[in-house]
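Protein chains in written order, with the working numbering: chain A, 1 to 208; chain B, 1 to 208; chain C, 1 to 208; chain D, 1 to 208; chain E, 1 to 208; chain F, 1 to 208; chain G, 1 to 208. Glycine residues also receive a C-beta, built at the ideal position from the N, C-alpha and C atoms. Model, not experiment: these values are computed from the prediction.
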Amino acid sequence: MEYAKEAVKRGTTCIGIVFKDGILLATVRPATQLMIPTSVEKIFQIDDHVGGVASGYLADARVLANQARVRAQVHKITYEEPIDIWSLARVIGDRMQLSTLYAGLRPFGVSFLVGGVDKTGLHLIETDPSGMLYEWQAYAIGRGGVIANKIFKQKWKKDMSENDAVKLAYDIITKTEKERKESVLDIAIIRKDKFKKLTEEEIKRALK
Amino acid sequence: MEYAKEAVKRGTTCIGIVFKDGILLATVRPATQLMIPTSVEKIFQIDDHVGGVASGYLADARVLANQARVRAQVHKITYEEPIDIWSLARVIGDRMQLSTLYAGLRPFGVSFLVGGVDKTGLHLIETDPSGMLYEWQAYAIGRGGVIANKIFKQKWKKDMSENDAVKLAYDIITKTEKERKESVLDIAIIRKDKFKKLTEEEIKRALK
Amino acid sequence: MEYAKEAVKRGTTCIGIVFKDGILLATVRPATQLMIPTSVEKIFQIDDHVGGVASGYLADARVLANQARVRAQVHKITYEEPIDIWSLARVIGDRMQLSTLYAGLRPFGVSFLVGGVDKTGLHLIETDPSGMLYEWQAYAIGRGGVIANKIFKQKWKKDMSENDAVKLAYDIITKTEKERKESVLDIAIIRKDKFKKLTEEEIKRALK
Amino acid sequence: MEYAKEAVKRGTTCIGIVFKDGILLATVRPATQLMIPTSVEKIFQIDDHVGGVASGYLADARVLANQARVRAQVHKITYEEPIDIWSLARVIGDRMQLSTLYAGLRPFGVSFLVGGVDKTGLHLIETDPSGMLYEWQAYAIGRGGVIANKIFKQKWKKDMSENDAVKLAYDIITKTEKERKESVLDIAIIRKDKFKKLTEEEIKRALK
Amino acid sequence: MEYAKEAVKRGTTCIGIVFKDGILLATVRPATQLMIPTSVEKIFQIDDHVGGVASGYLADARVLANQARVRAQVHKITYEEPIDIWSLARVIGDRMQLSTLYAGLRPFGVSFLVGGVDKTGLHLIETDPSGMLYEWQAYAIGRGGVIANKIFKQKWKKDMSENDAVKLAYDIITKTEKERKESVLDIAIIRKDKFKKLTEEEIKRALK
Amino acid sequence: MEYAKEAVKRGTTCIGIVFKDGILLATVRPATQLMIPTSVEKIFQIDDHVGGVASGYLADARVLANQARVRAQVHKITYEEPIDIWSLARVIGDRMQLSTLYAGLRPFGVSFLVGGVDKTGLHLIETDPSGMLYEWQAYAIGRGGVIANKIFKQKWKKDMSENDAVKLAYDIITKTEKERKESVLDIAIIRKDKFKKLTEEEIKRALK
Amino acid sequence: MEYAKEAVKRGTTCIGIVFKDGILLATVRPATQLMIPTSVEKIFQIDDHVGGVASGYLADARVLANQARVRAQVHKITYEEPIDIWSLARVIGDRMQLSTLYAGLRPFGVSFLVGGVDKTGLHLIETDPSGMLYEWQAYAIGRGGVIANKIFKQKWKKDMSENDAVKLAYDIITKTEKERKESVLDIAIIRKDKFKKLTEEEIKRALK
């Protein structure tokens with residue numbers, strides 16, 4: 001377990017921000033020359049109204065995100081409405097807790113920030129390797145988490161605009177990941193029934 | 001097993017009180033800035049007439065609480081009446097004992113205080129990681145347990161009013177968790193067929 | 001196995017006595033203030049004509065007692081007569097022996113005194129963690145066992161009255177558990193088709 | 001395996017003798033005051049024509065004897081004749097050998113002397129913890145085995161009378177178990193279709 | 001895991017290049033005298049539009065490639081269209097991640113470069129032993145990876161011709177594997193619906 | 001595995017000899033006073049035309065011989081002709097090899113000499129604990145194997161008479177097992193469709 | 001794995017040669033006096049058109065050869081044509097790789113040279129304990145492998161006659177196994193639909 005939590009602490013900084021009418025998820029991805037940037041995006045769309053960003057072992061993250069996608073689809077077909085964000089976070093948390101119970105399995109070495117919008121409003125939920133769930137207004141995981149969360153406490157405000165959220169995300173990522181030059185900011189905005197990754201253009205425009 | 005019991009001893013103080021016509025469950029939750037307080041509530045509603053509060057590994061608690069909810073529903077459908085509190089506590093205790101029997105599983109690192117009202121009256125039952133069950137008039141688990149239980153022995157009285165129970169809970173939590181400033185009192189009141197979490201307002205009113 | 005037997009040796013003193021027309025089972029339970037006394041009774045009713053008292057890990061005892069109850073019910077339904085006491089004791093003994101055979105399971109850390117009345121008469125049977133069965137006229141297990149069994153050899157008489165059996169039980173428990181002040185005597189009397197726990201009143205009356 | 005064989009070497013002395021028209025099995029059982037003597041008999045009736053006496057872990061012996069009983073009944077129903085003694089001994093031997101093959105199981109810590117009468121005559125067969133089978137005219141296992149077998153070589157005679165067999169058994173048990181005062185001689189006589197335990201009276205009469 | 005990644009680092013240099021209208025995969029194979037060269041080709045055709053080259057334990061590679069082939073066929077039959085390259089890479093990555101979760105399995109000691117053309121265009125995807133996936137314009141794995149990737153950063157250009165890609169591959173392999181004389185260059189070109197291994201002749205012609 | 005082979009090396013000397021029109025199998029068995037000699041015979045009849053002699057853990061031998069008997073019967077019923085000797089030896093060898101593959105099983109600690117007559121003639125086949133099979137004209141296993149096989153190389157002749165084979169067996173067993181006084185020679189002769197153990201009388205007559 | 005490969009390196013020298021219109025497989029077998037030579041042949045016929053020779057643990061080889069035979073038969077029945085040599089080699093290689101994946105299994109300690117003729121021509125394929133497959137014109141495994149392969153590089157020629165192949169095999173085996181006097185050359189020739197082991201006579205004739 002300690003080993004799994006360590007993997008998260010050394011992972012890339014990932015942040016989530018609740019703003020006026022949506023959720024922002026952000027992280028950086030390695031921008032090694034010749035690498036197709038989208039292939040290492042750590043922001044996963046799970047359904048139209050929900051996504052996640054992960055820090056730690058990214059192969060674990062991919063597998064968990066796929067299981068979450070399948071459960072979201074099954075829910076939609078069964079109940080004819082989108083899965084609510086807490087149920088979805090529990091799908092991930094329960095799978096992680098299960099792996100800590102059996103001696104023959106290793107815990108998943110990854111934490112998620114799951115963000116989405118459902119009938120009950122905006123939700124940003126953290127899952128850690130033990131399977132615990134925490135809901136936040138704004139939160140950061142990974143190697144820059146401590147610094148990032150200090151900044152959040154000073155700067156986050158209720159009902160921020162999307163642009164202010166993007167600026168805040170930009171500031172935090174710049175501070176916490178500044179020594180990693182070959183990396184690029186990734187931002188996803190989740191609104192009601194709409195998951196969208198910002199283009200570099202859109203980010204620049206927002207920062208003006 | 002020792003490891004699991006240690007996890008409970010270091011967990012948040014959780015208390016349960018039997019009063020005149022109901023059960024009070026209380027604990028604190030971290031009130032870290034920006035965290036959505038309800039996301040880390042450690043008080044679980046299991047059915048209309050029964051709930052639980054848990055100390056230790058909270059991911060384990062969430063999973064056990066879910067299993068208890070499912071069993072409560074299955075009981076209601078099968079027998080057309082709500083599950084009695086002792087049967088429900090045994091569901092949790094049996095699952096915990098099972099995990100101590102197999103070398104390939106780890107014991108659950110959590111204790112519950114299950115409180116509820118059934119045809120036989122008011123019940124407050126403790127389950128520990130070995131699967132043992134104890135019924136109490138008032139009891140506390142977690143890091144403040146020793147102090148809390150001393151206070152209970154002096155202050156608890158039969159047929160207390162709900163307001164007196166809330167005051168007693170407030171006093172005990174204040175004493176045992178005083179060094180943790182960023183935390184908020186959580187109280188649930190379970191009456192016949194009615195589980196209810198008190199708002200901050202309701203707690204304040206009761207303390208007057 | 002040694003570990004399991006050690007758990008029994010350190011358990012509460014439990015005694016069983018065969019008297020004129022029934023079986024007496026007795027032990028003490030912790031009488032911690034505020035605890036509901038019945039919740040930690042270590043005397044289990046298994047069927048109308050048979051019960052047990054257990055020393056050691058009580059969560060193990062609860063689970064074994066439940067399995068014994070189920071088997072007693074199944075027997076009654078299948079054969080339209082109550083299970084005999086030796087068959088019931090074997091149910092418990094076989095389950096315990098099974099746990100000693102497999103490397104992946106731990107032995108049950110508990111001993112039972114099973115007492116009951118069937119067509120063949122009165123029976124008081126001990127099961128130990130290895131699954132062995134011994135039948136006694138009077139016997140004690142747990143931390144006071146050595147002393148208690150010495151007293152039995154001097155004081156037990158054939159065809160004692162119930163009152164004499166209660167007095168003998170009281171004397172032995174008082175001697176072996178005297179340093180544990182916060183504990184209360186628990187006595188069950190099993191007669192033909194009738195399992196009954198004595199009230200404090202009834203015990204006092206018998207001791208006059 | 002060594003551990004299992006050690007358990008047998010330290011077990012109670014058990015002897016078997018082939019006499020003129022039957023088999024004698026004998027051992028001692030603890031005669032602790034207040035213990036019901038029959039509850040710790042180590043001589044098991046398996047069917048009308050066959051029985052066994054066991055040295056070592058007696059919980060293992062009970063379980064194996066029950067499996068042998070079931071197989072004897074199944075044989076009788078299937079083939080409409082009693083199981084022959086060698087087949088029955090193989091049932092026990094095969095089960096014991098199986099437990100030595102798998103890393104996840106422990107070997108049975110018990111040896112049996114199986115005695116019986118079938119169409120092929122009188123048989124006294126030893127099974128050891130490895131599952132080996134040996135047939136004897138007279139043999140002893142357990143802590144007094146070495147001494148007992150020396151005596152057998154001098155004293156056993158073909159076509160002994162039952163009384164002489166009882167006397168020989170009495171002499172051997174007296175010599176090998178003399179330091180254990182609180183023990184009582186147990187003797188079973190198996191003749192064609194008749195398994196019978198001798199009463200104390202019958203033993204005394206035979207010794208005259 | 002470290003062990004598995006080490007196996008890849010010591011494996012043969014394998015490269016993949018995205019060029020104007022296709023993907024080039026290349027590696028060397030041992031050209032031991034008398035060995036049938038095709039038998040140790042490390043370039044696997046998976047379907048008409050997709051192939052892979054592997055570095056590390058080649059028995060693992062063969063098995064994974066076969067599983068990928070089966071999944072590609074199943075996809076074609078089920079959906080009546082060829083599998084897309086990312087789905088196929090995930091088949092391999094998921095199988096690899098699975099092997100890292102269970103204590104009873106060892107991780108696969110191999111990395112793949114999967115190259116192919118689907119409706120979304122040209123894709124070159126790396127899978128590593130943890131199951132991670134990265135998409136590249138040009139990339140190298142194995143013992144010559146570090147040097148090769150430096151060269152790629154200087155020399156790779158968008159929309160290269162196939163001939164230029166072959167020349168670049170030849171240069172890199174020559175540099176990184178020059179000390180291994182007995183080895184032969186293997187190149188596969190994947191275009192829309194066409195997987196083709198170049199003959200020695202075709203390579204020579206391209207290098208002119 | 002080494003442990004299993006050691007068990008065979010320390011086992012009783014067992015020999016097999018191909019003579020003019022049959023196979024001789026021989027070994028000694030302990031002739032402890034009072035033991036029924038046939039109960040420890042190490043020569044197993046498997047079918048009318050085939051038998052085996054085993055050195056090592058004899059409980060393992062008994063179980064393997066029984067499996068071979070079952071397979072021989074199944075073969076006869078299925079194909080309406082007796083099983084050939086090589087197929088039968090493979091049944092034993094395959095079972096032994098299987099036990100060496102799995103970490104959870106121990107290898108069988110026994111070697112067999114299987115001798116028999118089928119349509120292809122006379123066969124004497126050795127199986128060792130690894131499951132290997134060797135066919136011999138004459139061969140010995142067990143503690144006297146080295147010496148016995150030297151004698152075989154000097155003394156064995158093609159088309160020996162049965163009497164000469166018995167004499168040779170007698171000489172070898174006498175030399176290799178001379179220090180074990182309490183043992184008796186066991187010889188079986190297998191001819192076409194006829195398995196026969198020699199009586200002491202028959203052995204003596206042959207030795208004249 | 002290292003252990004398994006070591007077993008192969010210490011095994012008997014086995015060679016395979018592709019000649020004009022067939023495949024030659026050769027090895028030596030122990031010619032211990034009295035041993036039936038054919039019983040330890042290491043050359044296995046798998047089907048009419050394909051065979052194998054194995055070095056290492058021969059019990060493993062026998063089991064793998066049998067599985068290959070079954071698969072060859074199943075293929076013939078299913079597809080109404082003989083299995084091709086590469087598919088057959090993959091059957092063996094896949095089984096070997098599987099055993100390296102699971103912690104509960106040991107790797108097979110054997111290498112095969114599989115030789116055969118199918119619609120695509122002549123094939124000589126090596127499988128090693130990791131499950132890798134290599135195709136050769138001529139190759140040797142086992143303790144004489146290094147020397148043998150040097151000789152092959154000088155002496156092997158395309159389209160050799162069968163006689164020249166036999167002479168080359170004879171020379172190599174003589175050189176590599178000369179110190180083992182008690183051994184005999186075994187040669188199999190596989191032509192289209194015809195597997196044939198050479199008699200001693202035929203070998204001598206070819207060597208003239």
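*So, does the CB of Tyr-102 (chain A) fall closer than 9 Å to a CB anywhere in chain B?*
At least one beta carbon of chain B lies nearer than 9 Å to the beta carbon of Tyr-102 (chain A).
*asked:* Among C:Glu-126, C:Thr-199, C:Arg-191, whose alpha-carbon lies nearest the alpha-carbon of Val-8 (chain C)?
replied: Of the listed residues, the one whose Cα sits closest to Val-8 (chain C) is C:Glu-126.
*asked:* Taking 9 Å as the threshold (beta carbon to beta carbon), is Ile-36 (chain B) in contact with chain A?
replied: Judged by the 9 Å Cβ criterion, Ile-36 (chain B) is in contact with chain A.
*Let me know the alpha helix (DSSP H) ranges lying completely inside the stretch 48 to 113 of chain A, each 4 residues or longer, listed in chain order.*
Fully enclosed alpha helix (DSSP H) runs of 4 or longer: 58 to 79, 85 to 101.
*Measure the C-alpha to C-alpha separation of Leu-98 (chain D) and Arg-95 (chain A) and round it to an integer number of angstroms.*
Approximately 38 Å, taken between the alpha carbons.
_DSSP three-state label for Pro-30 (chain F), please._
In this structure, Pro-30 (chain F) counts as strand in the three-state DSSP scheme.
*So who's on the other strand from Ile-46 (chain C), going by DSSP bridges?*
As far as DSSP is concerned, Ile-46 (chain C) takes part in no beta bridge.
*Spell out the partners DSSP gives Gly-142 (chain D) in its beta bridges.*
DSSP output for Gly-142 (chain D) lists no bridge partner at all.
_Sequence-distant residues of its chain with Cβ nearer than 6 Å to Lys-155 (chain G) (five each side left out)_ = Leu-168.
_Ile-189 (chain A) (DSSP reduced to helix, strand or coil)_ = It is a strand residue.
_Quick check on the burial criterion: 16 or more other C-beta atoms within 10 angstroms. Buried or exposed for Glu-135 (chain B)?_
It counts as buried.
*Roughly how many whole angstroms lie between the Cα atoms of Gly-115 (chain G) and Gly-115 (chain E)?*
Taking the straight line joining both Cα atoms gives about 33 Å.
*Does the pairing of the stretch 13 to 30 of chain F with the stretch 188 to 200 of chain F give three or more beta-carbon distances under 8 Å?*
Remark: three or more beta-carbon pairs, one from each stretch, lie closer than 8 Å, so the stretch 13 to 30 of chain F and the stretch 188 to 200 of chain F are flagged as touching.
*Going by C-alpha distance, which of A:Ile-15, A:Lys-5, A:Ala-4, A:Met-1 is nearest Gly-145 (chain A)?*
Ranking the options by Cα distance to Gly-145 (chain A), first place goes to A:Ile-15.
*asked:* Any C-beta of chain A within less than 8 Å: which residues of the stretch 30 to 61 of chain B qualify?
replied: Against chain A - using a Cβ distance shorter than 8 Å - the residues of the stretch 30 to 61 of chain B are Gln-33, Leu-34, Met-35, Ile-36, Thr-38, Ser-39, Val-40, Tyr-57, Leu-58, Ala-59, Asp-60.
*Name the residue from E:Val-50, E:Gly-121, E:Glu-80, E:Arg-106 whose alpha carbon lies nearest to the alpha carbon of Leu-88 (chain E).*
Nearest of E:Val-50, E:Gly-121, E:Glu-80, E:Arg-106 to Leu-88 (chain E), Cα basis: E:Val-50.
*Skipping 5 residues on each side, what residues in its chain have a beta carbon closer than 7 Å to that of Leu-29 (chain F)?*
Before going on, a small fix: residue 29 (chain F) reads as Arg here, not Leu. Counting only Cβ-Cβ distances below 7 Å, and skipping sequence neighbours, we find Pro-37, Val-40, Glu-41, Lys-42, Ser-183, Val-184, Asp-186.
*For Ile-125 (chain D), decide whether its Cβ has a neighbour in chain F, counting only Cβ atoms nearer than 9 Å.*
Taking 9 Å as the CB threshold, Ile-125 (chain D) lines the interface with chain F.
*What separation, rounded to the nearest whole angstrom, lies between the Cα atoms of Ala-103 (chain F) and Leu-101 (chain C)?*
The straight-line gap from Cα to Cα measures roughly 19 Å.
_Going by beta-carbon coordinates alone, are Ala-68 (chain B) and Ile-85 (chain B) separated by less than 9 Å?_
The Cβ atoms of Ala-68 (chain B) and Ile-85 (chain B) do not sit closer than 9 Å to each other.
*Beta-carbon neighbours of Arg-106 (chain E), restricted to chain G and to distances below 9 Å*: The contact set of Arg-106 (chain E) on chain G, defined by CB atoms closer than 9 Å, consists of Thr-100, Leu-101, Tyr-102, Ala-103 in chain order.
_Using 8 Å for Cβ pairs, my map puts Phe-108 (chain C) next to Asp-60 (chain C). What's the rounded Cβ distance?_
Confirmed, Cβ separation roughly 5 Å.
*Kindly list, in the order they appear in chain D, the residues whose Cβ is closer than 7 Å to that of Ser-63 (chain F).*
Reading the sequence as shown, one finds Val at residue 63 (chain F) and not Ser. Within chain D, the residues near Val-63 (chain F) are Asp-94, Gln-97.
*DSSP on Ser-183 (chain G), reduced to helix/strand/coil?*
DSSP places Ser-183 (chain G) in strand when its eight states are reduced to three.
*Do you know offhand how far Ile-46 (chain B)'s Cα is from Asn-66 (chain B)'s?*
One C-alpha to the other measures close to 8 Å.
*Which value, in whole angstroms, describes the spacing of the CA atoms of Thr-27 (chain A) and Ile-172 (chain E)?*
The alpha-carbon atoms of Thr-27 (chain A) and Ile-172 (chain E) are separated by roughly 34 Å.
*Would you tell me roughly how many angstroms separate the C-alpha atoms of His-123 (chain C) and Leu-198 (chain D), rounded to the nearest one?*
Those two C-alpha atoms are separated by around 23 Å.
*Using CA coordinates, which residue listed in A:Ala-148, A:Ser-130, A:Glu-177 is at the minimum distance from Ala-31 (chain A)?*
With distances taken between Cα atoms, Ala-31 (chain A) lies closest to A:Glu-177.
*Express the C-alpha separation of Lys-76 (chain E) and Lys-153 (chain G) in angstroms, rounding to a whole number.*
Rounded to the nearest angstrom, the two C-alpha atoms are 45 Å apart.
_So, with DSSP's three-state summary, where would you put Asp-118 (chain B)?_
In the three-state scheme derived from DSSP, where H, G and I count as helix and E and B as strand, Asp-118 (chain B) is classed as strand.
*Within 10 angstroms of the Cβ of Asn-149 (chain D), are there 16 or more other Cβ atoms? Answer buried if so, exposed if not.*
The residue is buried, with at least 16 neighbouring Cβ atoms inside 10 Å.
*Looking at the unbroken alpha helix (DSSP H) that takes in Glu-41 (chain A), where does it start and where does it end?*
DSSP places Glu-41 (chain A) outside any alpha helix (DSSP H), giving it a letter other than H or E.
*What residues from chain E crowd round Tyr-134 (chain G), counting only those whose CB sits closer than 7 Å?*
Here the neighbours are Met-35, Ser-39, Val-40.
_Just verifying my parser: in three-state terms, what is the DSSP assignment at Leu-133 (chain B)?_
Correct three-state label for Leu-133 (chain B): strand.
*Would you please state the rounded distance, in angstroms, between the beta carbons of Gln-137 (chain D) and Leu-34 (chain F)? I believe it to be under 8 Å.*
Gln-137 (chain D) to Leu-34 (chain F), Cβ: 4 Å. Contact.
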